[in-house]
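In mature numbering (1 follows the signal peptide of the UniProt record, and there is no 0), the protein residues as written are -23 to -1, 1 to 809.
Idealized CB from N, CA, C, for every residue including glycine.
Treat the numbers as computed from the prediction; the structure is a model and nothing was measured.
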Amino acid sequence: MMGICSLMFIVCFFNSFSFLVTSSTVVDSIRPSNFMRENTTLVSKEGNFELGFFSPGNSKNRYLGIWYKNIPVQTFIWVANRCKPINDSSGSLTINDKGELVLLGQNQSVMWSTNSLKPAQQPLVQLLDNGNLVLRDEKDENTENYLWESFDYPTDTTVPGMKLGWDLRRNLTRRLAAWKSFDDPCNGDFTYGIELNQQQHTYPEPMILKGSSKFYRTGPWNGISFSGSPDLRPNPLFDYAFVYNDDEVYYIYYLKDKSVISRIVMNQTTSVRQRMVWIQAERIWKPYNSVPRDQCDNYGFCGPNSECVITNNPVCQCLKGFKPKDEENWKAMYWSEGCVRDSPPNNCHEKAKDGFLRFSGLKVPDTQYTWVNKSVNLRECRANCLSNCSCTAYTNSDIKQGIGCVLWFGDLFDIRQFSSGGQDLFIRVSASEIEKARVGRKVKKAVLVLAIIVALVGGLILVGFYIRRRHNLFEENAETNVIINRDECQEDDLELPLFSLHTIRTATNNFSQNSKLGEGGFGPVYRGMLEGGQEFAVKRLSMWSGQGDNEFKNEVKLIARLQHRNLVKILGCCIQGHEKLLIYEYMPNKSLDYFIFDQRQGRMLDWPKRFQIICGIAKGLLYLHHDSRLRIIHRDLKASNVLLDEEMNPKISDFGLARTFGGDQLEGNTSKVVGTYGYMAPEYAFDGLFSIKSDVFSFGILLLEIISGKRSRGYYYENNGLTLIGFAWTLMKEGKANKLIDKCLRDSYENSEEALRCIHIGLLCVQQSPIDRPNMSSVVVMLSGESVLPQPKPPGYFSETDMLEGDDQSGLRKFLSSSSKCDMTISVVGPR
């Protein structure tokens, strides 16, 4: 909710600006010989940023600022005279005789200046492409030797390459201060920067202040991230660094993709610091993350010597070895008084007997009263704390390298616990507390061992019961299924269980409508449950099905031999009279088409999950084509033939139309073309030629459907006669492939490059000629991102006329009857 409110604020905030620069006199630099007036702007070399005069919101005051030039929502990153506005249109920006950049207002009064310490012989002012306004000496050969730069004096925003923190050599601090209001860029109550007390050698950490009071801490840098910001980790958007030495203390970040626009802004109205990302397709700024995140991020929320755990109720807990200072107030959820030690404090001599308890996954306490030594290891750190009567806790300052020592003195403030991330902290407690903890660990260990023993014994009993029950079931099948044709359903080398029709009828409640899962081209599918509780799915071949005995036996023989995590597993079969039944493992999440073609259900499959499904299907096909004992061509790969287990892992099903090849056979042909319109490769639909490349074509179609959420068949009705393939090809050629991505996915992929790469791979798979299509081993490598993708050639079925619309079979039959293969027939399998 905070993210949505923040986003609404940002949109309203920037839409409220009335930018009054209407004329467009543009300069690329400022020298003593020229100057900027109200109708002039200074633009960076590549046109990313612009410097000029503006009036915010409903204000008539004039300010000099820098904004993104190519973003329609006017977004300012820096303001010069933020607390000293110009009251009319008399503003001008020039260089004075001292070589300083000066903003003049009415009567040539100085409203703002750079106050650079070193004069320039030939001063030059430029706006760099990263948004930094710099003053330098044109005679200086080092173009990065700046006499003054706006990055040293941020307002409410940081952009990539800008330092946030201290330059100790110049006693310069760079911190953010929120705008006071929509109409007033002067400093508001909220500031964000790195707090550092050099005299007391405190451990620096970024912090939000409200006035002079602490509002939020990130926690100090621990060598990997800030201890209170476990979400700051390697990501596809930006790289970051924290520098802490004798000369500088600062945080800085850089974008990995230069086409991405991102900034960090301090917001007065919502009291948060946000990282924002510009979404060009939606023309809005969206929050990437923001702090404070919740009540545990509010400074000192639980008082001293306590920890805030957002997943607990109540969220505030006293640390081990401590108790509430006021029990009544604590029970009433008034936590600000915090906690005190259970045992009264020892005198200094007795404290030598104290010990430490380790607390994991913490934002370590406020570092105001700390001592730091970067060269001491953890064992020496413990000894230092133990020898100092006032020391209450210690930890490493750099957990990445396991070195450095931080000691805390006095009460411990503002600790929170995370489920993942955070840092270890060793808190001092009395010897009696150490003994309590030791006894507690022994009890827990004993309980754990006992629980494991009970679980193992129970498991062995259940396994024995299951084996016995399964043995009895198979004996029952063997006795009652006397009219099952074993040669039809079981080969010598296939240990495939045989089920009686009576058993299946009982398990499916006599094939009741309530047990029906769906219906495909070959008949209905039912859900059943054996007496032992095992669930399964039964495919009951319809008497009117296009699949006969040969297809049934083909599926049994093929799928029983296949063992792969991305292929559905067959449990048994049954043939009795006219009934032909196949028993499969039960897939609780139905088939893929149930999700991707439905806007509401599609939201359950975010981009990471869809990419996982794509990779799983690819690996399943790779097994069929290259890794199984026989090379297998599926011939009917489609969304409805991909089932999803309880964890949404894909499993390819329905092998009734599959064909096997020998190890050296590459291609086959048939006079009976069977399959599903919209997925069949052109050479198969028109000439009856099938190969592993015809499966690759079907995979390419399926890949584009998963990304777009659109069916390939019938797509041209809503897209001017272009098929889904044609539309994808056209968008890619125009550089607009991201428009193909399903709208419900746009919030779930952090980097669109992965989705765009999949579209590219899909178009490689649906090229007109089978020779041009990659094999599945190449596709798996492409999906891993480890290879450079070639440019695809034009695809098959580009438009409606190429498609030979599936509902009008006469057009296709007419085409086939005019070809050389005049004895060819075609069967169409309907969608399920």
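message: Would Thr347 and Thr179 qualify as a contact pair, given that the criterion is a beta-carbon distance under 7 Å?
response: Cβ distance < 7 Å, so Thr347 and Thr179 count as in contact.
Q.
What does the alpha-carbon distance come out to for the pair Pro264 and Arg240?
A. Going by the C-alpha atoms only, they are around 10 Å apart.
- Message: Give me the residue from Thr700, Asp303, Met253 with the minimum Cα distance to Val242.
- Response: The residue from Thr700, Asp303, Met253 with its alpha-carbon nearest to that of Val242 is Met253.
CA nearest to the CA of Asn354, picked from Tyr371, Arg750, Val102
Ranking Tyr371, Arg750, Val102 by Cα distance to Asn354 puts Tyr371 first.
7 Å CB neighbourhood of Tyr726 in its chain, flanking five on each side removed = Within its own chain, the residues whose Cβ lies closer than 7 Å to the Cβ of Tyr726, once the five positions on either side in sequence are excluded, are Trp584, Ala732, listed in chain order.
Using C-beta distances below 7 Å, list every residue in its chain close to Pro291, excluding the 5 sequence neighbours before and after it, in chain order.
Once the five neighbours on either side are set aside, the close Cβ partners of Pro291 are Met310.
Which stretch, first to last residue, makes up the beta strand (DSSP E) that contains Cys293?
-> Element bounds for Cys293: 293 to 295.
Item to complete: Check the DSSP bridge columns for Arg252 and list the partner residues they point to.
Response: BP columns for Arg252 point to Ile241, Asn266.
### Contiguous alpha helix (DSSP H) assignments of at least 4 residues, all confined to the region 701 to 752
Here the runs fully enclosed are 701 to 710, 730 to 742.
- Task: Give the range of the beta strand (DSSP E) segment to which Thr91 is assigned.
- Result: Premise fails: Thr91 is in no beta strand (DSSP E) and is neither H nor E.
By a C-beta neighbour count over all protein chains shown, 10 Å radius and 16 as the cutoff for buried, is Pro342 buried or exposed?
When all chains shown are included, Pro342 counts as buried.
| field | Phe574 (DSSP reduced to helix, strand or coil) | value | Shown here, Phe574 sits in coil according to DSSP, grouped into three states, outside any helix or strand.
task = Please look up how many angstroms separate the CB atoms of Ser283 and Leu296, rounded, as I've assumed it's under 8 Å.
result = Indeed, because the Cβ distance is near 6 Å, the residues count as touching under 8 Å.
*asked:* For Lys710, tell me which candidate among Phe167, Asp65, Ile736, Arg359 has the shortest Cα-Cα distance.
replied: It is Ile736 whose Cα lies nearest to the Cα of Lys710.
Around the C-beta of Ser127, are 16 or more other C-beta atoms found within 10 angstroms, so that it is buried, or is it exposed?
Burial call: buried.
Please classify Phe26: does DSSP put it in a helix, a strand, or coil?
Reduced to three states, the DSSP call for Phe26 is strand.
Considering only their Cβ atoms, is the gap separating Phe167 from Lys187 smaller than 7 Å?
Yes, they are a contact pair.
| Beta-carbon contacts of Ser409 that lie in its chain and below 8 Å, excluding the five residues immediately before and after | Sequence-distant Cβ neighbours of Ser409 in its own chain, meaning closer than 8 Å and more than five residues away, are Ser320.
- Determine the direct distance from the alpha carbon of Arg151 to that of Ile229, and round the result to whole angstroms. Each residue's alpha carbon lies about 11 Å from the other.
For Gln540, the nearest candidate out of Lys596, Gln378, Asp672, Gly773 (CA to CA)
Measuring from the Cα of Gln540, the nearest candidate turns out to be Lys596.
Those residues which DSSP pairs with Met625 across a bridge
Note: Met625 sits in no beta bridge, so no partner.
| request: Specify the secondary structure class of Met759 as computed by DSSP and reduced to three states. | output: DSSP places Met759 in helix when its eight states are reduced to three.
Practice item. Express the C-alpha separation of Ile7 and Thr120 in angstroms, rounding to a whole number. Key: Approximately 15 Å, taken between the alpha carbons.
Q: Under 8 Å by Cβ, that's how I've got Val610 and Ser671 pegged, so tell me the actual separation to the nearest angstrom.
A: Just to set this straight, residue 610 is Ile in the shown sequence, not Val. 7 Å between Cβ atoms; contact.
Apart from the five residues just before and just after Thr344, which ones in its own chain have a Cβ nearer than 6 Å to its Cβ? Sequence-distant partners of Thr344 (beyond 5 residues in either direction) whose C-beta falls short of 6 Å from its own C-beta, in its chain, are Thr179, Tyr180, Glu182, Pro197.
query = With a CB to CB cut of under 8 Å and the five nearest residues on each side skipped, what residues in its chain are close to Thr(-2)?
reply = Summary for Thr(-2): the model assigns pLDDT 37, below 50, so the residue's position carries little reliability, and this model does not support an answer.
Next on the checklist: Contact criterion: CB-CB distance below 7 Å. Does Ala218 meet it with respect to chain C?
Outcome noted: In the displayed structure, chain C is absent; only one protein chain is listed.
Inset, instruction - Return the CA-CA distance between Pro772 and Gly703, expressed in angstroms with no decimal places. - result: C-alpha separation (whole angstroms): 7 Å.
Can you tell which of Val50, Lys308, Arg688 has its C-alpha closest to the C-alpha of Ile261? Per the C-alpha coordinates, the member of Val50, Lys308, Arg688 positioned closest to Ile261 is Val50.
* Asked: Is it the case that the Cβ atoms of Lys675 and Leu717 are separated by a distance below 7 Å?
  -> Residue identity differs from the one stated: residue 675 is Ser in this sequence, not Lys. No, the Cβ-Cβ distance between Ser675 and Leu717 is not below 7 Å.
Notebook entry, point to check: Can you tell me where the beta strand (DSSP E) with Phe333 in it begins and where it stops?
Noted result: Segment 332 to 340, the beta strand (DSSP E) holding Phe333.
- Query: According to DSSP, is Pro207 helix, strand or coil?
  - Reply: Pro207 falls in the coil class under three-state DSSP.
key: Unbroken beta strand (DSSP E) run spanning Val3, endpoints   = Per DSSP, the unbroken beta strand (DSSP E) holding Val3 starts and ends at 2 to 4.
- Item | Counterpart residues of Ala218 in DSSP-defined beta bridges | Partner(s): Ile229.
| field | Arg750, buried or exposed, once every other Cβ within 10 Å from all chains shown has been counted against 16 | value | By the neighbour-count criterion, in which a residue is buried when 16 or more other Cβ atoms sit within 10 angstroms of its Cβ, Arg750 is buried.
Alpha carbon to alpha carbon, how far is Val249 from Asp375? For Val249 and Asp375, the gap between their C-alpha atoms comes out near 28 Å.
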